[in-house]
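Asks: Encoded as structure tokens, here's the structure I'll be asking about.
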Amino acid sequence: MQTSLEDFDRAGIRVVAISVDPADVSRDLAQRAGYTFTLLSDPDLAVIRRYDLLDEAQEVARPAEFLLDANGIVRWRNLTDDFYVRARPAQVLDAAKALR
Amino acid sequence: MLSVVGLFSYPFVFVRWPITRDVPWANFLIFALAAVLGVSAIRRGFAPPRRWVARIGALLAAGITLAALAMFINGVIIVPRRLPASAGAPRVGARAPDFTLSDTHQQPVALASLLAGPRPSTVRGVLLIFYRGFW
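Just so you know, the sequences run in chain order A and B.
Letter 46 of the first sequence, counting from 1, is numbered 46 in this note's numbering, and no numbers are missing.
Quick note, this note's numbering runs 100 ahead of the 1-based positions in the second sequence.
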């Protein structure tokens, strides 16, 4: 997503990534990978559970993307079948065109 | 040996590009090549004048090839698809549950504030990416 960040900015889409990793681990990841978008920590899995994304066996979030409009309504989502296969930025930007 | 390359190259190399990641073509090709080489190695190892060292070497190479292929199939195809159903995840049209979580500088960030943005008109949407985390 980092390489497409300018495209998201231009489309008015704020990119936020959430995982169970604590803040310092996420900070390391962001520095190492050069991520400039927001990374949030959900160490007790509360939000991950509320979104029903908990992978109980691994105690992490199963991968998922949600595109919300400015009112917080889900307009597009992707619950991948395979954790190596994530949504491509182009798919999300396409979905973002429908947002007002 | 080629099959070991096939096994490890996926998580470290080919995941970076969607074309080779979504369906691991490159890795299937590498394994196919390894299989061909493996079969010819066994044939040569078991040809009449060969000694038992060559036979053991051929069987070992074949064994490693099969083991690497099995690990690849398990690690790249089977395990990554064992995901929960997530029937309760917010659907299209539903309101995303609000939350407040800490960012990388330990500052609390609320979904409501992300949606509002620095000025009301600047934000058309928010993309929430849930990921497993960094191993």
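Ideal Cβ positions, reconstructed from N, Cα and C, are used throughout, including at glycine.
Bear in mind the structure is a predicted one, so any value in this text is a computation, not a measurement.
1) Take phenylalanine 8/A and list the residues in its own chain whose beta-carbon comes closer than 6 Å to its own, dropping the five residues that flank it on each side.
2) Identify each residue in the region 190-207 of chain B for which the Cβ-Cβ distance to at least one residue of chain A is less than 7 Å, and report them in chain order.
3) Using a Cβ-Cβ cutoff of less than 8 Å, which residues in the same chain neighbour proline 89/A once the five nearest sequence positions on both sides are dropped?
4) Is it the case that the region 45-58 of chain A contacts the region 191-200 of chain B, given that we only count it when at least three CB pairs across the two stretches are under 8 Å?
5) Let me see if you follow: with CB-CB separation under 8 Å, is arginine 10/A close to chain B or not?
6) Leaving out five residues on either side along the sequence, give the residues of the same chain with a beta carbon under 8 Å from the beta carbon of threonine 38/A.
7) Is the beta carbon of arginine 232/B sitting closer than 8 Å to the one on alanine 96/A?
8) Interface residues of chain B around glutamate 6/A at Cβ under 7 Å?
9) Using a cut-off of 7 Å between C-beta atoms, extract the partners of leucine 67/A located in chain B.
10) With respect to the alpha helix (DSSP H) encompassing valine 15/A, which residues constitute its N-terminal and C-terminal limits?
11) Let me know the secondary structure DSSP gives proline 208/B once reduced to three states.
12) Serine 4/A by DSSP, collapsed to three states: which one?
13) Could you work out which residue in Tyr35/A, Asp21/A and Leu67/A is closest to arginine 224/B when comparing CA atoms only?
14) Which residue wins for smallest C-alpha separation from aspartate 92/A, given the options Ile73/A, Asn71/A and Glu65/A?
15) Run through DSSP, which three-state label would serine 221/B get?
16) Would you mind reading off the limits of the beta strand (DSSP E) that contains serine 202/B?
17) Can you have a look at aspartate 55/A and say buried or exposed, based on whether 16 or more other CB atoms are within 10 angstroms of its CB?
18) Looking at chain B, which residues of the region 24-46 of chain A have a Cβ within less than 7 Å of any of its Cβ atoms?
19) For leucine 215/B, go through chain A and note every residue whose CB falls closer than 9 Å to its CB, in chain order.
20) Helix, strand or coil: which one does DSSP assign to valine 226/B?
Replies: With the structure as the only source:
1) Val15
2) Pro190, Arg191, Val192, Gly193, Ala194, Arg195, Ala196, Pro197, Phe199, Leu201, Ser202, Asp203, Thr204 and Gln206
3) Met1, Thr3, Ser4, Asp7 and Phe8
4) yes
5) no
6) Arg14, Val15, Val16 and Ala17
7) no
8) Chain B residues near glutamate 6/A: none, gap ~14 Å exceeds 7 Å.
9) Gly225 and Leu227
10) Counting along the chain, valine 15/A falls outside any alpha helix (DSSP H), though it belongs to the beta strand (DSSP E) covering 13-19.
11) strand
12) helix
13) Leu67/A
14) According to the sequence as given, residue 92/A is valine; it is not aspartate. Out of Ile73/A, Asn71/A and Glu65/A, Glu65/A has the C-alpha closest to the C-alpha of valine 92/A.
15) coil
16) 200-202
17) buried
18) Val25, Ser26, Arg27, Leu29, Ala30, Thr38, Leu39, Leu40, Ser41 and Asp42
19) Arg14, Leu68, Asp69, Ala70, Asn71 and Gly72
20) strand
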